[in-house]
Every structure is written in C-alpha cells, then in structure tokens.
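Visitor: Take this structure first; my questions come after.
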Amino acid sequence: MASLALTTTLPSLRLRRNTTAAAIKPNRLTSLPRSSLKPNLSTSISSFPNFSLRKTNLALTRKHSSLTVRATAASITPAPAPAPAPVQPWQGAAIKPLLASIATGVILWFTPVPAGVNRNAWQLLAIFLGTIVGIITQPLPLGAVAILGLGVSVLTKTLTFAAAFSGFGDPIPWLIALAFFFAKGFIKTGLGNRVAYQFVKLFGSSSLGLGYSLVFSEALLAPAIPSVSARAGGIFLPLVKSLCVACGSNAGDGTENRLGAWLTLTCFQTSVITSAMFLTAMAANPLCATLTQNSINQTIGWLDWAKAAIVPGLVSLVLVPLILYVIYPPTLKSSPDAPKLAREKLEKMGPMTTNEKIMTATLFLTVGLWVFGGLLNVDAVSAAILGLSVLLVTGVVTWKECLGEGVAWDTLTWFAALIAMAGYLNKYGLISWFSQTVVKFVGGLGLSWQLSFGILVLLYFYSHYFFASGAAHIGAMFTAFLSVSTALGTPPFFGAIVLSFLSNLMGGLTHYGIGSAPVFFGANYVPLAKWWGYGFLISIVNIIIWLGLGGVWWKFIGLW
C-alpha cells in the first residue's frame, strides 16, 4: 500500500513526503528540564514551532498507520476451506435386493430335506431360487447375478465346475446371442429402416395396425421355421427395433412407452401362441409327439395338431395384442401422417446399398437353412453361425461391434447359467420327485377327471417358473402328467394334445421360459417386474381361451 503523501508548508520548514513516526528524532524540547515546560504568561506553545509541527506530524502518522492496518485487514480475506473430496457413489450391489436373494437361498438351504430328495438336489434348489430372486430384484446386472449363483454352486460342491458351466455348451443361448449380432447388421446397414418404413407405409397409420401386421407375419413364418429363437431373434427383433427407432421410441431414453414397450411385449407373447399352433413351430413340439407315441401309443400328426390349435390360436392372436394395448398402451396410438412420411424417407434413402444387399442375401440364406435345415442336416445354430461368418468376412458387421453388444453377452451368460441349474435339478431327481408328489396328491382327491385334469394342467403350467427351457420341462414332466391324467379318466389323446399346447404357452410367464423370451426382453424396452406381471396376466387369458373356447372346439371336432 502506498504511504500517505503529505506536504505541509510552515515558516522556514518544509515537511518531506513519507514521514513516519519512526523518523522523528529526539530534539531539544525533550531535553529541557521539566520545570521549564511549565506554562506561563511569557512563554506560549507558539514559541515552540518545531514541537507543534512534530506533534502534527505524529498525529498524521498515527492516523496513516491506523488506515493502513484497517485497509490491510480489509484486503486480507481468509483462504476458503478446502473442498471436501467428492464422495464416490457406491457401485456395488444394491444391498436390500442382495440380502433378499441371499435370505431366500439360506432359508431353503437349512430347511429339512423332504423324504425322497437327496441333499445335493435340495441345495441346488436353494441356490436356484436364490438366483431367481436375484434376477427378479436385480442387485446386480443379470449376468453378474447368474455368475454369483454358479459360483456358490461350485464353492459349496453342489455342482462341479463342468456341470455348473455346462449351459454354455447348449445351442440355444448361443443362438440368442447370434440373433443380437444379426440385429446389429440389420440396423447398421439401414436395411432395418428400409423394411420398417415399408411396414409403416402399409400399416403405420395406427400402432395397433402395425402390431397386428407383425403378429400375423410371424404366424405365417411359424410353420416353416421350427425355432422360435431364430424367428424372434433373426427376423422380428431387428424389425421391431427398427420400427421403434423410426417412430421415435428408444430404449433407455424415456421414450420406451411411446411404442417399443407395447410392441416388444406383444410380439413376445404372440410368439408363444404361434409356437403352440403348429407341430413344426417350436423345436420341442416333436418331443411332445414322440412322448405321446411312447406313452399312449397314439400319433399326433401335423394336421391333427394344426386343426386342434387353429381356433383358440387365432382368437388368442387377435385378443392378446388388444388386451395389452388396453392395459399397457403405447403413448403413440395413431399417426395419420406416418405412411406419407415413410414414403418420403424411402425416397430419400434411394436404392439399396451394397451392404444392404449383402445383409439381405445373408438373411435369406440363414432363413432358408432354418426352413430346410432338416433335409440338409443343418441345425439352427449352425445356420446362424454361417450367416454371421458371411457378415464378418464381408465387413458388414465387425467383431469389435459384436464384442460391443453387451446385452447379447449378458443374455448368453444368465440364460446359460439357468439352463445348467435347471438341467441338474432334473438330473438330481428333484423334478421327478415333484411330479410324483403332485400326481399322488391329485389322484387322492377323488375328483372327476375334468377337475383332476384341470388341477394337473395348472400345476404343469405354472411349474414352468422353475425351467429355463421348454424341452427340459417337457422331458421332465410331460410323461408323468400324461400318464396320471389318463389313469384318472382323461381321454388320452385329448390330454396329450392339451399338454402339448400348454408346453408352449407357459413360455410367456418369464423372461427365460422360452427361446424368444430373452431375445425380446434383451431389447430393454420393458422392465423386468412388468415383464413378469403382464406375463402372468396373459397366461390367465391364454388358459381361459385355450381351455374354455378351445375345449368347446375340441368337443366339436371329437377330441373328447
């Protein structure tokens, strides 16, 4: 701070600038005897000009010093306290859902083992149910929950490492993962948008019309493609995602309910209906026919199956999308200008690019092998691998892009884990014990065959919560339930064909119950709780249609 500048003119004296109190030297005044300082009439203060000046200078200096201290104090601000280190958010498991999952497993683990069940089977059931609770409540991503379940089964010696990870050798999880890679190419090349705009141009004036166009397109393909996973993942998932994006409905940005949530759930729930309508529409359907032949020595032919399923199947295909439209409606219900906009988009896209042509040819090749693979001894997974190989070699899809499809790898992980655990529940004898217990209970009630059969089919249907594969469920329980229902008076062929239909319809309960479930769920348009909730509601609708209206139809055609 600059010192106070002062110039004072007095007789015979000029005061310099920047004079301070420290510069004032002792003078003659300070050496005078005290008596000489006493005031009198002859001596006045004015006779000491030097003293008066110095007094004035000292006062000014003190005032200046005071101002300097005050100004300095005012200019010095305390340094701000250091900001606290940011608290890192917890990135681990959600604690409450994790505790719920652990508690479920622990309680069942220490529950006394029922007679007829070995300890390993009961422990695996505890781990399996704990994992299912974790998958429902999601303390971690689904794949991580599944890995934890497998880890516990290995650490507790309930399963060997090879047994725990055996599900990764099952073709279905890989077919589902490959479907996501196909979807990537379908969207990346623009072919998905091109096909989506064609659908919008034809049916896009309303969301309901768009949904029905997909539903019945899938129904037409169902008899020719015997893998519901291939139909859902290789054909309709890419198409659904492209349609949703074209209509401004994207996963993860708050626009899911615009169209994607309803359309995804509708396509999934109707995929289990089309699978039930034809003998060749789902890979496990021929297994039902084989077990029927072995159990009651009667054959279910392709026409027998289709004739029995056509009426309840068509009614379900009409009603289920409409019911979902009412209880889980899209916010985009009608768009009169959509067909016009779609035509403009198609004109803007111009002719097909080289990559679109390669993608189209690859899709036809793969679907052709899915349709005629039985004649050529080529299964669905081999056909999908061949198709992906073409896309990789031509650069339509890169391996880096495949690695970036996190949902595909996550779905592969948790689905393979559930397949392994559910498979070993059957191998350890728990499923056969459950079947025998149910059979004895229902048989001992002394009811009519109609009521007994009704109880049996409901138990058969809702026990599917414990299965990650329709084929596993059929193999474990179909023969036992058919045999008991026949023994209780149910017409054998009628019982067999009803159980066959329900073996498909029960796949709509969960996000892992049938091959199309993880495919559509993996699109991330529908939360897990709603997926299960609406799955249960639609299961009731399907049971009423197939056992109610279907029962009347089956009576009319002479099945009972």
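Residue numbers for the sequence shown follow our numbering, so the first one is 136 and each next one is one higher.
Cβ atoms here follow ideal geometry from the backbone N, Cα and C, with glycine treated the same way.
1) At what residues does the alpha helix (DSSP H) containing G395 begin and finish?
2) According to DSSP, is S567 part of a helix, a strand, or is it coil?
3) Going along the chain, which residues of its own chain have a beta-carbon closer than 7 Å to the beta-carbon of A411, five neighbours each way excluded?
4) What does DSSP give as the partner residue(s) for S469 in the beta ladder?
5) Taking Cβ to Cβ, would you say F655 is nearer than 9 Å to L372?
6) For Q223, count neighbouring C-beta atoms within 10 Å of its own C-beta (all shown protein chains included) and say buried if the count is 16 or more, exposed if not.
7) According to DSSP, simplified to helix, strand and coil, what is W257?
8) By the three-class DSSP mapping on this structure, what secondary structure does Q226 have?
9) Can at least three beta-carbon pairs, one atom from the stretch 452–469 and one from the stretch 384–395, be found at a separation below 8 Å?
10) Hey, is the stretch 615–632 in contact with the stretch 334–351, meaning 3+ C-beta pairs nearer than 8 Å?
11) What are the boundary residues of the alpha helix (DSSP H) that Y595 is part of?
12) What's the C-alpha gap between S364 and S651?
13) Are the stretch 304–324 and the stretch 511–527 in contact at 8 Å, needing three or more beta carbon pairs?
14) Tell whether a beta-carbon distance below 9 Å holds between A473 and S340.
15) Since Y563 contacts A331 with CB under 8 Å, what's their CB separation in whole angstroms?
16) Cβ atoms of F321 and L378: under 9 Å apart, would you say?
17) Can you tell me whether A298 is helix, strand or coil according to DSSP?
18) Suppose you measure from the CA of S470 to the CA of W584; what does that come to, to the nearest Å?
19) Going by DSSP in three states, M487 sits in which element: helix, strand or coil?
20) Can you tell me whether P249 is buried or exposed? The criterion is at least 16 other CB atoms within 10 Å of its CB, across all chains shown.
21) Which residue from L452, T415, V446 and W397 puts its Cα closest to that of Y460?
Guide: In this structure, then:
1) Along the sequence shown, one-based indexing puts residue 395 at 260. Note, G395: alpha helix (DSSP H), G395 to M412.
2) Position 432 of the sequence shown, counted from the first residue, corresponds to residue 567. DSSP places S567 in helix when its eight states are reduced to three.
3) Mapped onto the sequence shown, residue 411 falls at position 276. Sequence-distant Cβ neighbours of A411 in its own chain, meaning closer than 7 Å and more than five residues away, are A444, G448, F636, N639 and L640.
4) Stepping through the sequence shown from its first residue, residue 469 is reached at position 334. According to DSSP, which records beta bridges pairwise, S469 is partnered with S341.
5) Locating residue 655 in the sequence shown gives position 520, where the first residue counts as 1. Locating residue 372 in the sequence shown gives position 237, where the first residue counts as 1. Yes, the pair counts as a contact, with Cβ atoms nearer than the cut-off.
6) Counting from 1 along the sequence shown, the entry for residue 223 is found at position 88. Q223 comes out exposed.
7) In the sequence shown, the residue the question calls residue 257 occupies position 122. In the structure shown, W257 sits in a helix (DSSP, three-state: H, G or I).
8) Taking the first residue of the sequence shown as position 1, residue 226 is located at position 91. Looking at Q226 - three-state DSSP - the assignment turns out to be coil, as it is neither helix nor strand.
9) yes
10) Cβ pair count under 8 Å is below three, so no.
11) Here residue 595 is taken as the residue at index 460 of the sequence shown, counted from 1. Unbroken alpha helix (DSSP H) run through Y595: W584 to Y597.
12) For the purposes of this step, residue 364 is taken as the residue at position 229 of the sequence shown. For the purposes of this step, residue 651 is taken as the residue at position 516 of the sequence shown. Cα to Cα, S364 sits roughly 5 Å from S651.
13) yes
14) Start at 1 with the first residue of the sequence shown, and residue 473 comes out as number 338. Start at 1 with the first residue of the sequence shown, and residue 340 comes out as number 205. Yes, these two residues count as a Cβ contact at 9 Å.
15) The count along the sequence shown starts at 1 and reaches residue 563 at position 428. The count along the sequence shown starts at 1 and reaches residue 331 at position 196. Wrong, their Cβ atoms sit about 47 Å apart, outside the cutoff.
16) The sequence position of residue 378 within the sequence shown is 243, counting from 1. The sequence position of residue 321 within the sequence shown is 186, counting from 1. No, the Cβ-Cβ distance between L378 and F321 is not below 9 Å.
17) As a first step, residue 298 must be located in the sequence shown, where it is residue number 163. It is helical.
18) Indexing the sequence shown from 1 puts residue 470 at position 335. Indexing the sequence shown from 1 puts residue 584 at position 449. The straight-line gap from Cα to Cα measures roughly 52 Å.
19) Stepping through the sequence shown from its first residue, residue 487 is reached at position 352. It is coil, neither helix nor strand.
20) As a working note, residue 249 is residue 114 in the sequence shown. Exposed, since its Cβ has fewer than 16 Cβ neighbours within 10 Å.
21) For the purposes of this step, residue 460 is taken as residue 325 along the sequence shown, with counting starting at 1. Out of L452, T415, V446 and W397, W397 has the C-alpha closest to the C-alpha of Y460.
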